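Right, one structure below, let's go through it.
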Amino acid sequence: MASVSKLTRKIPSDLLRSYQYRRKLLSQSWRTRNYSQTNTSIQTIQTARNRLKELVGAQISWGTQIQDDGSEKNIITQQSDLPTRTMSDSYTEAMIPVGTDEILREKYINFYGGMRFGRILEDLDTFAVLISYTHSTQGSEKKSPISIVTALVDRIELGEQPFSPFKDIKMKGSVTWAGKTSMEITMNLEQEEALEWKKVLTARFVMVARNPLTKKSAFINALKPTNQEEEKIFVLGEVNKVKRQEEAKRNLLKTPPHENEIQIVHEHFLKTLDPSSSTFKIRVKPENSVWMEQTKLKNLIICFPEQRNLYNKIFGGFLMRKAFELAWTSAALYSKSRQVAIRTVDDIVFRKPVEIGSLLFLSSEIVYTNGSKLQLKVHAEVVNPTDYTRATTNDFHFTFDTKQEDLPSVIPKTYAEFMLFLDGKRHYES
């Protein structure tokens, strides 16, 4: 079997950057990968949460002391001392029984009989952590010596078929790429239709391992593909890593726009000038458009212990749910319709944890429009009430489809808004 590094070198650089190529690999790999679950019955997402509490050794109730069992002393200091794992080792299934559990369904159903997608985001985050621990837990250890947290939601894509809150949801996933201290988790969500389980969502998360004592990176088990299909999946993980590194270098907070993007900015600026005057100062909103500054929507969240995760920080899934609900509200107000559908969640970076007791400010803004589609950015920051200092914790990017072809275009006015416009355009086209 060829090594992964050799496989990566065989891929032409233009293909490495090709979105179509990456989508084809992902589609092919997940169509063939259907490991059988070893258990006769699939665990529920609640069972998964209980299992995670054991692996992490989390507090049962807020304010109680966690007993030190010495498991952190077993942290391995070099990756070669850890057993190599395969994708099937971490393969996990879980069920969200909304179709069969009427009480649970109340948490997931929305006001027009559809699915609360924010709840799905919470479950995806939990499921990704469980898969990560399944990959890295050693032998029969009851408590993992390392901590694993979500670093990035790389991509979540939804199909045209909407979720139904009246059918059970099957979650399937495994580690599909692993480095020394981080790993990529790929997950599929399926619902039954015509006696067949069909995919309704694909998600890709990046998780990182930490040493609970030093708070620095911790080593995880290496991942070895076992056949040609798994090699393709692993290479796709390498491609995604390179793509993220390239996009980080092109960040508009660090580098200027490309020449073609500058041209786009200038053309949009010219559209907002008054043709009857020879000045740059008078700005006129084009027909069927909205100034970007008028699309802002804000929310404040006081972070209570109820929303804590296994490490006594605010649960990342909760943050995603609240950001999504604010973004959905922005999209609904802009389109004057509740029938807006989420299509993509892209590039959610968890820059720093949100502490319990924080004042969390969420700010949503429509930054790009294309036909019936809206690109929204939600900025999250914690504010210190004593000195009013602010720190960014997350940026969330959502793509919605309003199904309205005559949707007004969003128009930037300032240079900062033009940068938001270009950043939104990049996420929309990624």
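For the sequence shown, the working numbering gives the first residue as 1433, with consecutive numbering after it.
We treat Cβ as the ideally placed atom computed from N, Cα and C, and that holds for glycine.
On a predicted model such as this, the values are computed, not experimentally measured, just so you know.
Note down the Cα distance separating residue i from residue j, rounded to an integer number of angstroms.
i: Glu1693; j: Asp1778; result: 21 Å
i: Lys1647; j: Ala1560; result: 21 Å
i: Gln1695; j: Pro1844; result: 14 Å
i: Thr1509; j: Ile1733; result: 39 Å
i: Ile1474; j: Asn1672; result: 30 Å
i: Glu1757; j: Tyr1820; result: 26 Å
i: Tyr1624; j: Lys1602; result: A small correction: the amino acid at residue 1624 is Glu; Tyr does not occupy that position in the sequence shown. Distance between the alpha carbons of Glu1624 and Lys1602 is about 9 Å.
i: Ser1622; j: Tyr1860; result: Reading off the sequence shown, one finds Glu at residue 1622, where the question assumed Ser. If you take the alpha carbons of Glu1622 and Tyr1860, they lie about 25 Å apart.
i: Met1752; j: Gly1550; result: 7 Å
i: Pro1597; j: Leu1487; result: 30 Å
i: Ala1480; j: Ala1526; result: 7 Å
i: Thr1687; j: Lys1681; result: 8 Å
i: Ser1564; j: Met1619; result: 12 Å
i: Pro1718; j: Thr1727; result: 16 Å
i: Glu1797; j: Ser1710; result: 31 Å
i: Leu1705; j: Ile1714; result: 6 Å
i: Trp1721; j: Ser1841; result: It is worth fixing the name first, because residue 1721 is Ser in this sequence and not Trp. Those two C-alpha atoms are separated by around 4 Å.
i: Gly1856; j: Leu1590; result: 19 Å
i: Met1433; j: Lys1664; result: Confidence is the limiting factor: at Met1433 the pLDDT is only 43, short of 50, which leaves the residue's position unreliable and the question unanswerable from this model.
i: Thr1566; j: Arg1858; result: 35 Å
i: Ser1459; j: Lys1631; result: Model confidence at Ser1459 stands at a pLDDT of 49, short of 50, so the residue's coordinates are unreliable; what they give is reported in the following sentence. Approximately 11 Å, taken between the alpha carbons.
i: Phe1736; j: Asp1521; result: 36 Å
i: Asn1659; j: Ser1804; result: 42 Å
i: Arg1587; j: Phe1637; result: 7 Å
i: Thr1801; j: Gly1749; result: 27 Å
i: His1690; j: Gln1807; result: 20 Å
i: Pro1817; j: Ser1795; result: 18 Å
i: Thr1558; j: Leu1854; result: 32 Å
i: Gln1870; j: Arg1740; result: Here the chain comprises residues numbered 1433 to 1862, so residue 1870 is not present and cannot be evaluated.
i: Pro1543; j: Gln1771; result: Before going further, note that residue 1543 is Phe rather than Pro in the sequence given. Taking the straight line from one Cα to the other gives about 11 Å.
i: Glu1725; j: Ala1755; result: 19 Å
i: Leu1852; j: Gly1605; result: 34 Å
What would DSSP say about residue i, mapped onto helix, strand or coil?
i: Val1716; result: coil
i: Phe1543; result: coil
i: Leu1556; result: helix
i: Gln1593; result: coil
i: Arg1642; result: strand
i: Met1851; result: helix
i: Asn1692; result: helix
i: Asn1672; result: helix
i: Gly1550; result: helix
i: Thr1608; result: strand
i: Phe1793; result: strand
i: Asn1653; result: coil
i: Ser1721; result: strand
i: Val1872; result: Nothing about residue 1872 can be read from this structure; the chain reaches only from 1433 to 1862.
i: Ile1843; result: strand
i: Val1561; result: helix
i: Gln1660; result: helix
i: Ile1601; result: strand
i: Lys1730; result: strand
Leaving out the 5 sequence neighbours to the left and right, which residues in its chain are closer than 6 Å to residue i when beta-carbon positions are compared?
i: Ile1780; result: Val1585 and Phe1828
i: Leu1556; result: Ala1635
i: Ala1641; result: Ile1578, Ile1580, Thr1613, Ala1650 and Ile1652
i: Ala1773; result: Asp1833
For residue i, which residues does DSSP report across the bridge?
i: Arg1587; result: Arg1636 and Asp1778
i: His1829; result: Asp1778 and Lys1809
i: Tyr1800; result: Gln1807
i: Trp1629; result: Glu1624
i: Arg1740; result: Ile1746
i: Val1814; result: Leu1792 and Ala1823
i: Met1752; result: None; Met1752 has no bridge partner.
i: Thr1687; result: The partner list for Thr1687 (beta bridge, DSSP) is empty, contrary to what the question assumes.
i: Ile1580; result: Ala1641
i: Arg1517; result: Leu1655
i: Glu1616; result: Trp1609 and Val1638
i: Gln1475; result: Ala1526
i: Glu1787; result: Lys1745
i: Ala1773; result: Asp1833
Any heavy atom of the ligand MN closer than 7 Å to the CB of residue i?
i: Arg1783; result: Among the ligands in the structure shown, none appear at all, so the ligand MN cannot be discussed.
Grab me the residues of residue i's own chain with a C-beta within less than 8 Å of its C-beta, minus the 5 sequence neighbours each way, in chain order.
i: Tyr1847; result: none
i: Lys1539; result: Arg1548 and Arg1551
i: Ala1759; result: Ser1796, Leu1808, Val1810, Phe1828, Phe1830 and Phe1832
i: Thr1761; result: Leu1729 and Ser1796
Tell me which same chain residues have a C-beta within less than 7 Å of the C-beta of residue i, skipping the five on either side of it?
i: Arg1537; result: Val1530 and Pro1597
i: Thr1532; result: Asp1600
i: Ser1512; result: none
i: Pro1515; result: Asn1653
For residue i, decide whether its Cβ has a neighbour in chain D, counting only Cβ atoms nearer than 8 Å.
i: Ile1665; result: In the displayed structure, chain D is absent; only one protein chain is listed.
**OP:** Mind the definition here: the region 1787 to 1797 touches the region 1736 to 1744 only if three or more C-beta pairs lie below 8 Å; say whether that holds.
**Re:** yes
**OP:** Please determine if the region 1604 to 1617 and the region 1655 to 1667 are in contact, where contact requires at least 3 C-beta pairs separated by less than 8 Å.
**Re:** yes
**OP:** Taking 8 Å as the threshold, find out whether the region 1832 to 1846 comes into contact with the region 1767 to 1778 through three or more Cβ pairs.
**Re:** yes
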